[in-house]
Amino acid sequence: MTAGSGPGPRAFHLPVMCREVVDILAEAPEGVVVDATVGGGGHGAALLDRAPHLGLIGLDRDPDALGAAAERLAGYGDRVSLHHASFDALGDVLDELGHPQVSGCLFDLGVSSAQLDRAERGFSYRLDGPLDMRMDPTSGVTAADIVNHADERTLAVMLRRNADERQARRIAAAIVAHRPFATTAQLARVVAEAVPAPARRRSHPARRTFQALRIEVNRELEILEKALTAGIDRLVGSGRCAVLSYHSGEDRIVKSVFRRAAGEVPPPRPGLPPAPGSKATVRLMGRRSRTPSESEMSANHRARSARLRAVQRLSDDQRPQGDD
Ligand SMILES: C[S@@+](CC[C@H](N)C(=O)[O-])C[C@H]1O[C@@H](n2cnc3c(N)ncnc32)[C@H](O)[C@@H]1O
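The opening position of the sequence shown corresponds to residue -1 in this note's numbering, with each subsequent residue numbered one higher.
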């Protein structure tokens, strides 16, 4: 098969809001775009097809994803280079590659379908597998390490912070009472039993617990601000940065990093005027996040929670003077 932007032979992951993402990044100036979460390479392939003036540096912390991306992007030759790295090391990776500046960056956050659908990765409450959840299975603590060793209060705080879980205290108490855990099915069963019947109606009772654990294991919220800031700092010319997020905790961080880079500083107290900001280095490409079309949401249920935000770097003569 030639390189292209169709679903690909392994249907590793269906890229979300692909046309909207490519519309943003294809207008980046000539150079290299860093896809900080290259996954199966779906967004990357679509971008390279549309924008012959761009190359792609793809990062992923999951070696399986890099294998799928290598297969998918093989036909683009030396326009593509792929690297096993977490995006919080983005600046270092770009420096080592001799590409300190880039024309664009893309962060498509969260997990891929391939990660969720493989029982042995331990991400899914629907499939029985080891309680792992590491995106990079070569390092770091597993979900089992956390549920078997964290104290009850720490578990409850994590469930609330990472997934807005309303039943956090009940679930944390049930986890402590039933540990040790080794498998996803064991944990999903104990969580389901801990959640009162009315709270089970909207979605699977273990959905938020699994989300919270995955975020904790992979330090997803902890590293996002640093990575986005580095991505923006490395833009050159009228470069662009696009981010797809999938839950409110992520979107809050994206919005705040983007607004700060756009020179907007929230007022110190509600009702007061905004505090004087630092100089804007980017403009927001739209004040509100964009969401997928109805048809995409019905065709791909994993797209339903997606929000897309983007910024464009301001050239030196577009930057406001003396505003800090
Ligand atoms: C939603 S998928 C990306 C799919 C991709 N856009 C595509 O079209 O196939 C998210 C990917 O980001 C990777 N990932 C998550 N956190 C990461 C991090 N901190 N550094 C690098 N990759 C990360 C995951 O391993 C996963 O492969």
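The beta carbon of each residue, even a glycine, is placed where N, CA and C say it ideally should be.
Tell me the residue span of the alpha helix (DSSP H) that contains Gln184. Thr182 to Ala192
On the premise that Ala26 lies in contact with Gly237, defined as a C-beta separation below 8 Å, what is that separation, rounded to the nearest angstrom? About 6 Å; that satisfies the 8 Å criterion.
With a 10 Å radius around its C-beta and 16 neighbouring C-beta atoms as the bar for buried, classify Gly261 as buried or exposed. Classification of Gly261: buried, given that the 10 Å Cβ count is 16 or more.
Looking at the unbroken beta strand (DSSP E) that takes in His82, where does it start and where does it end? Val78 to His82
For Gln165, count neighbouring C-beta atoms within 10 Å of its own C-beta (all shown protein chains included) and say buried if the count is 16 or more, exposed if not. Looking at its Cβ environment, which holds 16 or more other Cβ atoms inside 10 Å, Gln165 is buried.
Taking contact to mean 3 or more Cβ pairs, one atom from each stretch, closer than 8 Å, check whether the segment 140 to 153 and the segment 217 to 228 are in contact. Verdict: no, contact absent.
Leu185 beta carbon less than 8 Å from that of Ala170: no
Can you give the Cα-Cα distance for Glu292 and Arg307, rounded to whole angstroms? 18 Å
Backbone CA spacing between Ser313 and Asp93 [nearest angstrom]: 22 Å
Does any heavy atom of ligand 1 sit closer than 7 Å to the C-beta of Gly102? no
Just confirm the distance between the C-beta atoms of Val19 and Ala297, as a whole number of angstroms; I'd bet it's less than 8 Å. Not a contact, Cβ separation roughly 16 Å.
Tell me the DSSP secondary structure of Met131 in three-state form. coil
Does DSSP put Gly235 in a helix, in a strand, or in coil? strand
Quick one: is Thr136 buried, meaning 16 or more other Cβ sit within 10 Å of its Cβ, or exposed? exposed
Cβ-based burial, Ala43 [other Cβ within 10 Å; buried from 16]: buried
Met133 vs Arg59 beta-carbon contact at 8 Å: yes
May I ask you to check if the CB of Ala49 is nearer than 7 Å to at least one heavy atom of ligand 1? False, no ligand heavy atom lies under 7 Å from that Cβ.
Where Phe10 sits in the DSSP three-state scheme: Three-state result, Phe10: coil.
Indicate whether the contact test is met: 3 or more Cβ pairs, each with one atom in the segment 240 to 259 and one in the segment 193 to 205, closer than 8 Å. No, the segment 240 to 259 does not touch the segment 193 to 205.
Option in Leu157, Arg300 and Leu52 with minimal Cα separation from Gln113: Arg300
Three-state class that DSSP yields for Ser101 in the structure shown: strand
Please indicate yes or no: does the CB of Ala279 lie closer than 7 Å to some heavy atom of ligand 1? As written in the sequence, residue 279 is Thr, which differs from the Ala given in the question. Answer for Thr279: no, Cβ out of range of ligand 1.
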